[in-house]
Amino acid sequence: MLGNTCPIERLNESNYEIWKLQMKSVLVINDLWSCVDGTDPKPEKECDKWSRKDGKALAMINLSVSPSQLNLIAKAETSKEAWDLLKKTYASTGPVRKFIIYRQLLRMQKEPHVSISQYINEFSNKVELLERVGIKMQDELLTVMLLSSLPAEFDNFVIAIETRDEVPPFSEVKIKLLEEEARQIEKNNSEEPNPNSALVAKGKWRKKIVKDNRRDPDSEKKVPKRKGNCFKCGKIGHFANECRSSPRSNRSRSKAETLLSVAYNCRTSKEQWCLDSGATRHICNNKRKFTSLDGKKSDIYTISNECVRARGTGEVTLRMNGRNVTLKDTLYMPSSRSNLLSVPRVTKRGYTVVFKSDRAEIIRKDGSTLATAKREGGLYVIEEPERMFYTRDRDNTKRWHQRYGHLNLSDLKKLESQRMVEGMKLMGKNDTLNCEICARGKIHQLPFKKSTSRSENALDLVHSDICGPMKVRSAGGARFFVTFIDDYSRYTEVYMLKNKSDVLEKFKVFKARVENFTGRKIKCIRTDNAREYLSKEFKNILEECGISRQLSAEYTPQQNGIAERANRTLIEMARCLMLQGVRPER
1 MLGNTCPIER LNESNYEIWK LQMKSVLVIN DLWSCVDGTD PKPEKECDKW
51 SRKDGKALAM INLSVSPSQL NLIAKAETSK EAWDLLKKTY ASTGPVRKFI
101 IYRQLLRMQK EPHVSISQYI NEFSNKVELL ERVGIKMQDE LLTVMLLSSL
151 PAEFDNFVIA IETRDEVPPF SEVKIKLLEE EARQIEKNNS EEPNPNSALV
201 AKGKWRKKIV KDNRRDPDSE KKVPKRKGNC FKCGKIGHFA NECRSSPRSN
251 RSRSKAETLL SVAYNCRTSK EQWCLDSGAT RHICNNKRKF TSLDGKKSDI
301 YTISNECVRA RGTGEVTLRM NGRNVTLKDT LYMPSSRSNL LSVPRVTKRG
351 YTVVFKSDRA EIIRKDGSTL ATAKREGGLY VIEEPERMFY TRDRDNTKRW
401 HQRYGHLNLS DLKKLESQRM VEGMKLMGKN DTLNCEICAR GKIHQLPFKK
451 STSRSENALD LVHSDICGPM KVRSAGGARF FVTFIDDYSR YTEVYMLKNK
501 SDVLEKFKVF KARVENFTGR KIKCIRTDNA REYLSKEFKN ILEECGISRQ
551 LSAEYTPQQN GIAERANRTL IEMARCLMLQ GVRPER
């Protein structure tokens, strides 16, 4: 009766909501719903009429469930019990149910035999299921997920959406997709040939004309007019290579590069790298993976003659099988659906790429394998991407250089060799660091001749100098800082000052600290002729403590070079850190 009067789709793992609505309607039509929802409960005394009614409802539920789901209600004695068991299984709002639905949504991909309208309905049903279990997804995220799950024939549509300044609403994208599908169907059903078939037809047609011309000299007048539009100028009556219009687009394209359209067609993870024999440049879609990047934009053309904008060029360093490989002149293209490793660029550096039926291998000059790419759907994807990491991680020499305030390379190597920093490992054997920040932040005058004299004991001589005012105040409101440097050990203390008059108080603090720490007394202090050092209060403190004073000559900072050089080191370190963090330089 169920199959004849009200045919419904049997319950499976993914159609519970639809099945529930249809099954309820069938039970209502047959006047059996009261037994299922509990409004007509089982009587205390045995009643044949109720038993027949409930048994009929239970039988209809059993017949509407697929065999794989029948074991869920096999032990149910009443229709209500069977209904509640199915509800508990498929309408649960627990974490397991949420995880299952969300994973199904993430794994959805449009199959070729499924129409776009049917696929949108399936996608929307999953979204509604998530909302019913308490997960409300952002509209922009739904749009991105839907577009990412479309096959290659919708790539032009996806690129058109990506060029917008804002992500369109999910409802608008669904409508546009239905229109795009209708347009493609109309295009496929039309009589206009595509470019490839036009070329084939042209070859056959021309042969026929030439053959006929041998018999009839006037047959040229009988040549039929071409059908369809020119793919260059859009006019009717000729083909693209017969077009007399100025080939401006070709000339502009000659100035740009051409890339294989696999960058937009592959269905791999955006984190994976694919070997591409048709790409003329390496492509990376993640800005964070670049060790250096400029903002120079360029136009790139795909095989389908689509112009794509690259947002910069830089270097990406990959670690493959224990070795670092730097990809120079790598294009930054966030719209690319995967990272591309250009085979022409790889072979230009001396490597050999061998393509086989199921994989491809990058071979070093010594014959060892640098990397292996597994073939997946016509693409060669680098295997074990989790073993590939970028030298911007903790063992990156440049990163350690930045962490330590752009410290010079020799001192960095000393930190590593003496194991003064836990986990520090410098990569590469270069003797120099090409750091643009250092070039901008450490420009200076050539040094004076180095002094050969040095104190024999701690605190025999202390150098001091005040630096400032700075144009930008510190977090504590300071605009100056003062340094106190021991000539013997080069031990340095730096104090921030809101006013230069605070130098005396900071000197008292420094004097008490170092004398208590070393058990020795300060014997001499060397400063310039700043008023704060020449004040009566400062002079009295020195006389009371028996500290002698050395003053440098005016306009000769080299006489107090230890303190002056320390000021420069501190300022350069702060300037480099601000440049690195894109903060104001002053």
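Quick note on numbering: the sequence shown equals residues 1 to 586 in UniProt numbering. Built from N, CA and C at the ideal position, the CB exists for glycine as well. Note that this is a predicted model, so its numbers are computed, not measured.
- Secondary structure of N324 (DSSP, three-state): strand.
- Per DSSP, reduced to three states, the secondary structure at Y332 is strand.
- Secondary-structure assignment with DSSP links F154 through no beta bridge to anything.
- Taking a C-beta distance under 9 Å as the contact criterion, P469 and R479 qualify as a contact pair.
- Ranked by how close their Cα comes to the Cα of E122, the residues S335, N457, K110 have K110 in first place.
- Here R520 is not near L461, since their CB atoms are 9 Å or more apart.
- N567 and R311 have their C-alpha atoms roughly 39 Å apart.
- Around the beta carbon of H113, fewer than 16 other beta carbons sit within 10 angstroms, so the residue counts as exposed.
- Judged by DSSP in its simplified three-state form, D411 adopts helix.
- Close CB contacts of S117 within its chain, under the 8 Å cut and outside five residues either way in sequence, are with L178, E181 (chain order).
- Straight through space, the alpha carbons of R440 and L570 are spaced by roughly 15 Å.
- Residue pairing from DSSP places E493 in a beta bridge opposite F484.
- Membership of Q402 in the alpha helix (DSSP H) is indicated by the continuous run 397–403.
- In the DSSP assignment, D299 is bridged to R309.
- DSSP places L340 in the strand class (E or B) of the three-state scheme.
- Under a 10 Å Cβ-count criterion, R288 is classified as exposed, with fewer than 16 other Cβ atoms of the shown protein chains found around its own Cβ.
- Nearest C-alpha to A91 among P151, L21, D40: L21.
- Around the CB of I29, fewer than 16 other CB atoms lie within 10 Å, so the residue is classed as exposed.
- For D366, there is no enclosing beta strand (DSSP E), as DSSP marks it with neither H nor E.
- In this structure, the beta-carbon distance from I443 to H406 does not fall below 9 Å.
- Burial is judged here by how many other beta carbons sit within 10 angstroms of a residue's own beta carbon; N516 has fewer than 16 and is exposed.
- Between M578 and the set I466, M420, K413, R403, the nearest pair of CA atoms involves R403.
- In the DSSP assignment, T556 falls outside any alpha helix (DSSP H) and carries neither an H nor an E.
- Taking all protein chains shown into account, N560 has 16 or more neighbouring C-beta atoms within 10 Å of its C-beta and is therefore buried.
- Setting aside the 5 residues that flank it on each side, L150 is surrounded in the same chain by K110, V158, each with a C-beta closer than 7 Å to its C-beta; the list follows chain order.
- Here the stretch 368–385 lies against the stretch 345–358, with 3 or more beta-carbon pairs under 8 Å apart.
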